[in-house]
Amino acid sequence: LLDLVRQMCIVDENVRDTNDMPDVFIRYLFEWQAETSFSKICDLEAGVEAQTDSDETIFYDAKNVYVTEKMFKKIVEPMRAYAPINSLKRSLSDKGYLIVGKSSSINGYTTKIDISGMGNPENRIRVMKFKRELLAVSGGLNFIDVCYFASAGGEKDV
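Numbering (my numbering), first residue to last: 2 to 159.
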């Protein structure tokens, strides 16, 4: 019986191992973008248009990418079959992909950003904040660049 319990624990550890989660997340992120031709990005430094739907838009600045919880869940839907969403968030945070600040929410994975301007009244939304340089495929373009090329009709396959 103890041997069976040990084997079950080993299997459970292997299933819950999150060391490669960031790499898997990046793969799914780029696959999702290619499948959906996603290009709804908004440069926070340039301003936010009044009709911007924050749940359907990914925001960015020079250093970071900001994704709402709803959008994040849409992107990682295929991963949810084998990894709880909080395990994925914890792994992304532990590896430095997901930035967690001291002003973050109670669950620790979101923060608020201001998307007011260009006709928007003051508007703060809760988002997950990712390090832009880490959301990239090996040897090249980051996620925002790929979305930009998709919106401009350029080549999006990297």
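Beta carbons are placed, not taken as given, at the ideal position from N, Cα and C, and that holds for glycine. Bear in mind the structure is a predicted one, so any value in this text is a computation, not a measurement.
Thinking C-beta only, is residue j closer than 8 angstroms to residue i?
{"i": "residue 66", "j": "residue 26", "result": "no"}
{"i": "residue 136", "j": "residue 76", "result": "no"}
{"i": "residue 58", "j": "residue 42", "result": "yes"}
{"i": "residue 23", "j": "residue 74", "result": "no"}
{"i": "residue 56", "j": "residue 72", "result": "yes"}
{"i": "residue 125", "j": "residue 115", "result": "yes"}
{"i": "residue 90", "j": "residue 133", "result": "no"}
{"i": "residue 60", "j": "residue 148", "result": "no"}
{"i": "residue 34", "j": "residue 144", "result": "yes"}
Counting along the chain, where does the alpha helix (DSSP H) carrying residue i start and finish?
{"i": "residue 145", "result": "144–152"}
{"i": "residue 25", "result": "22–37"}
Per DSSP, residue i is paired with what?
{"i": "residue 131", "result": "66, 99"}
{"i": "residue 42", "result": "59"}
{"i": "residue 137", "result": "143"}
{"i": "residue 125", "result": "115"}
In three-state DSSP terms, what is residue i?
{"i": "residue 54", "result": "coil"}
{"i": "residue 200", "result": "Since the first and last residues shown for the chain are 2 and 159, residue 200 lies out of range."}
{"i": "residue 113", "result": "strand"}
{"i": "residue 105", "result": "Note that residue 105 has pLDDT 47, beneath the 50 cutoff, so the model's placement of it is unreliable and the number below is only indicative. Residue 105 falls in the coil class under three-state DSSP."}
{"i": "residue 77", "result": "coil"}
In or out: residue i buried (at least 16 other Cβ within 10 Å) or exposed?
{"i": "residue 3", "result": "exposed"}
{"i": "residue 99", "result": "buried"}
{"i": "residue 110", "result": "buried"}
{"i": "residue 37", "result": "exposed"}
{"i": "residue 49", "result": "buried"}
{"i": "residue 5", "result": "exposed"}
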